[in-house]
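One structure is given below, encoded as structure tokens.
See the structure below:
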């Protein structure tokens with residue numbers, strides 16, 4: 055009897071253990087389940103294809119050339135990089151180009167309107183798709199809030215800064231240190247007004263974008279030409295004596311200490327890299343092009359081309375404006391909140407400051423509209439997928455607009471513009487966007503090595519069935535080979551096309567590489583001087599990390615790529631997406647601890663929503 059009881063207890067314990075393992079496995083499968091590549095119900099209504107490459111470039115430039123080039127350039131030049139801001143722009147542009155190439159390939163994989171959220175959903179799984187989408191919401195909301203705040207600063211400068219002075223005098227003693235010195239009611243009013251217009255169904259106007267973008271480019275061209283006319287090369291060769299004479303009354307400080315040590319690089323390499331992390335903000339917006347896939351005349355060609363043209367134009371303009379500004383005015387005399395109009399005042403061109411200020415308002419209005427329209431779309435799509443509360447996907451009966459998504463995103467952006475500092479918004483925005491862009495690069499890397507799949511709506515069930523049978527047969531053959539010699543299958547794949555096994559190898563290697571790149575970026579960002587001075591421990595760790603990264607990259611390179619013909623393919627795979635991820639992660643490491651705390655709070659809220667609601671209500675679950 056006792057023997058039977060012991061046997062029964064062992065059997066029960068074994069059954070419970072097996073059930074727990076099955077539960078854990080089932081839970082893990084939920085996190086990595088991928089969206090089926092077919093349109094959801096109600097999404098079949100085709101949009102009129104009317105946007106050519108020029109229209110997409112105008113949209114991208116309108117969304118990109120805004121608060122960054124008019125406002126942030128002053129803060130970065132004065133407090134972080136000095137004249138070397140032009141190098142910071144070069145680093146930020148390189149990161150943007152790599153991310154743009156990955157976005158462009160994804161735009162050719164998926165033949166309907168999408169975003170980084172959708173791309174991650176179909177390639178790396180639901181959890182990563184949620185993280186991407188949640189941080190895209192953060193990026194759009196903060197982009198709108200920061201542009202509205204810049205609009206408020208510019209408008210206030212036009213009327214003599216009376217609004218800011220009055221509000222600061224009243225509210226400054228009562229504001230916590232981690233918030234702005236006064237609540238920005240002008241930015242709040244602007245965003246509430248635009249939110250109301252969107253709810254009422256205000257249409258997106260390509261003509262309006264063209265007019266405002268034309269004014270924007272003309273004003274910035276005037277700034278660049280004026281800068282080289284009135285500029286003085288001595289302002290790139292300033293000495294500590296110049297700085298002392300000009301700042302004897304008020305000594306300012308930057309994140310890196312006193313306001314520079316003179317020369318072209320007053321804050322050293324650290325300043326250039328921190329500046330690059332903030333300058334990345336000025337290239338955010340080209341991803342708005344990808345959301346117009348269903349409205350583009352030839353999306354497979356026009357999306358990659360317009361993305362690259364947009365980034366190139368923005369780099370030239372930002373490079374020119376920052377060079378002109380630092381040539382016109384010593385970097386420590388630049389006005390951080392209103393740099394361009396005040397620069398013309400300092401060089402004796404007083405009337406020009408009003409022309410620049412009006413152009414700034416037009417550019418910021420264009421940028422604000424360019425960000426406001428796609429902002430609720432991400433919330434709407436995630437709610438429609440069941441990852442966010444389904445009530446957010448509610449469509450207004452008369453206007454056809456996603457009213458709850460518009461109101462929630464617009465009100466959140468308005469509150470953030472009301473309370474937060476412009477620089478804090480920029481840091482937080484850059485972290486969220488860099489993370490989203492990194493996940494897109496990871497998705498491109500993973501997808502190219504998966505079994506052949508053409509992501510179009512027209513694929514028939516027979517094609518899918520045939521492909522699955524072929525994949526199963528090949529997978530079995532490769533599995534037998536792999537069992538005999540695993541290392542041989544890693545370095546010398548037997549199949550000439552991707553298989554399920556080779557796809558899994560790439561997934562595992564890609565995630566391992568991301569972990570190694572994060573550790574390497576952390577070492578380079580936190581202990582650069584010790585590393586380059588030859589610290590034995592850090593040098594050994596860095597060399598080992600590099601060897602592991604090279605080895606795992608070679609394993610991915612040896613796997614077979616998908617033979618699917620694409621109008622655009624990212625060159626130099628797998629190196630280019632990995633370099634993109636490394637640059638993005640490294641720039642993220644340059645952000646302040648305060649920005650990371652705010653970013654962590656935002657993502658903690660997101661994970662609570664996903665694990666409390668989204669994982670159970672996802673369309674893939676049901």
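In the numbering used here, the protein residues as written are 55 to 676. Glycine included, C-beta positions come from ideal geometry on N, C-alpha and C. Just so you know, these numbers come straight off a predicted model, no measurement behind them.
Look at the Cβ atom of residue i, then the Cβ atom of residue j, and state whether they are nearer than 9 Å.
{"i": "residue 484", "j": "residue 326", "result": "no"}
{"i": "residue 194", "j": "residue 480", "result": "no"}
{"i": "residue 131", "j": "residue 393", "result": "yes"}
{"i": "residue 421", "j": "residue 446", "result": "no"}
{"i": "residue 121", "j": "residue 418", "result": "yes"}
{"i": "residue 491", "j": "residue 579", "result": "no"}
{"i": "residue 594", "j": "residue 337", "result": "no"}
{"i": "residue 570", "j": "residue 602", "result": "yes"}
{"i": "residue 455", "j": "residue 255", "result": "yes"}
{"i": "residue 464", "j": "residue 339", "result": "no"}
{"i": "residue 192", "j": "residue 486", "result": "yes"}
{"i": "residue 439", "j": "residue 664", "result": "no"}
{"i": "residue 482", "j": "residue 656", "result": "yes"}
So that I know if they touch, is there some Cβ in chain B lying closer than 9 Å to that of residue i?
{"i": "residue 574", "result": "Among the protein chains of the structure shown there is no chain B, as only one such chain exists."}
Hey, how far is the Cα of residue i from the Cα of residue j?
{"i": "residue 198", "j": "residue 552", "result": "42 Å"}
{"i": "residue 410", "j": "residue 271", "result": "11 Å"}
{"i": "residue 658", "j": "residue 156", "result": "28 Å"}
{"i": "residue 547", "j": "residue 555", "result": "10 Å"}
{"i": "residue 674", "j": "residue 613", "result": "29 Å"}
{"i": "residue 504", "j": "residue 369", "result": "34 Å"}
{"i": "residue 519", "j": "residue 562", "result": "Only weak support exists for where residue 519 lies, its pLDDT of 45 falling under 50; the value from the coordinates is given anyway. C-alpha separation (whole angstroms): 26 Å."}
{"i": "residue 308", "j": "residue 74", "result": "At residue 308, the pLDDT of 47 sits below 50, so the modelled position is not reliable; the number obtained from the coordinates is stated separately. Spanning the two alpha carbons is a distance of roughly 54 Å."}
{"i": "residue 302", "j": "residue 598", "result": "Bear in mind that a pLDDT of 49 at residue 302, under 50, signals an unreliable position, so the number given afterwards is only what the model happens to contain. Rounded to whole angstroms, residue 302 to residue 598 spans 49 Å at the Cα level."}
{"i": "residue 115", "j": "residue 549", "result": "44 Å"}
{"i": "residue 211", "j": "residue 397", "result": "13 Å"}
{"i": "residue 477", "j": "residue 671", "result": "37 Å"}
{"i": "residue 126", "j": "residue 616", "result": "42 Å"}
{"i": "residue 113", "j": "residue 626", "result": "29 Å"}
{"i": "residue 276", "j": "residue 129", "result": "21 Å"}
{"i": "residue 611", "j": "residue 630", "result": "12 Å"}
{"i": "residue 449", "j": "residue 457", "result": "6 Å"}
{"i": "residue 207", "j": "residue 200", "result": "11 Å"}
With 16 other CB atoms within 10 Å as the buried threshold, where does residue i fall?
{"i": "residue 228", "result": "exposed"}
{"i": "residue 545", "result": "exposed"}
{"i": "residue 668", "result": "buried"}
{"i": "residue 149", "result": "buried"}
{"i": "residue 171", "result": "buried"}
{"i": "residue 321", "result": "buried"}
{"i": "residue 89", "result": "buried"}
{"i": "residue 216", "result": "exposed"}
{"i": "residue 502", "result": "buried"}
{"i": "residue 386", "result": "buried"}
{"i": "residue 286", "result": "exposed"}
{"i": "residue 638", "result": "buried"}
{"i": "residue 241", "result": "buried"}
{"i": "residue 288", "result": "exposed"}
{"i": "residue 266", "result": "buried"}
{"i": "residue 361", "result": "buried"}
{"i": "residue 231", "result": "exposed"}
{"i": "residue 652", "result": "buried"}
{"i": "residue 186", "result": "buried"}
{"i": "residue 281", "result": "buried"}
Among the options, whose alpha-carbon lies nearest the alpha-carbon of residue i?
{"i": "residue 682", "options": "661, 652 and 355", "result": "Nothing can be reported for residue 682, as the shown portion of the chain is limited to 55 through 676."}
{"i": "residue 607", "options": "456, 560 and 477", "result": "560"}
{"i": "residue 389", "options": "244, 136 and 427", "result": "136"}
{"i": "residue 124", "options": "242, 266, 413 and 478", "result": "413"}
{"i": "residue 220", "options": "497, 236 and 286", "result": "236"}
{"i": "residue 646", "options": "629, 428, 470 and 331", "result": "331"}
{"i": "residue 335", "options": "147, 112 and 611", "result": "147"}
{"i": "residue 430", "options": "202, 252 and 268", "result": "252"}
{"i": "residue 160", "options": "498, 437 and 588", "result": "498"}
{"i": "residue 654", "options": "189, 324, 264 and 457", "result": "189"}
{"i": "residue 558", "options": "500, 435 and 648", "result": "500"}
{"i": "residue 342", "options": "586, 636, 110 and 352", "result": "110"}
{"i": "residue 158", "options": "214, 661 and 365", "result": "365"}
Could you tell me how far apart the beta carbons of residue i and residue j are, in whole angstroms, since I believe they sit closer than 8 Å?
{"i": "residue 407", "j": "residue 415", "result": "About 13 Å separates the two Cβ atoms, so there is no contact after all."}
{"i": "residue 153", "j": "residue 634", "result": "6 Å"}
{"i": "residue 644", "j": "residue 328", "result": "5 Å"}
{"i": "residue 459", "j": "residue 245", "result": "Contact doesn't hold; Cβ gap of about 15 Å is too wide."}
{"i": "residue 278", "j": "residue 378", "result": "5 Å"}
{"i": "residue 268", "j": "residue 291", "result": "The pair is not a contact, with the Cβ atoms about 36 Å apart (cut-off 8 Å)."}
{"i": "residue 375", "j": "residue 274", "result": "6 Å"}
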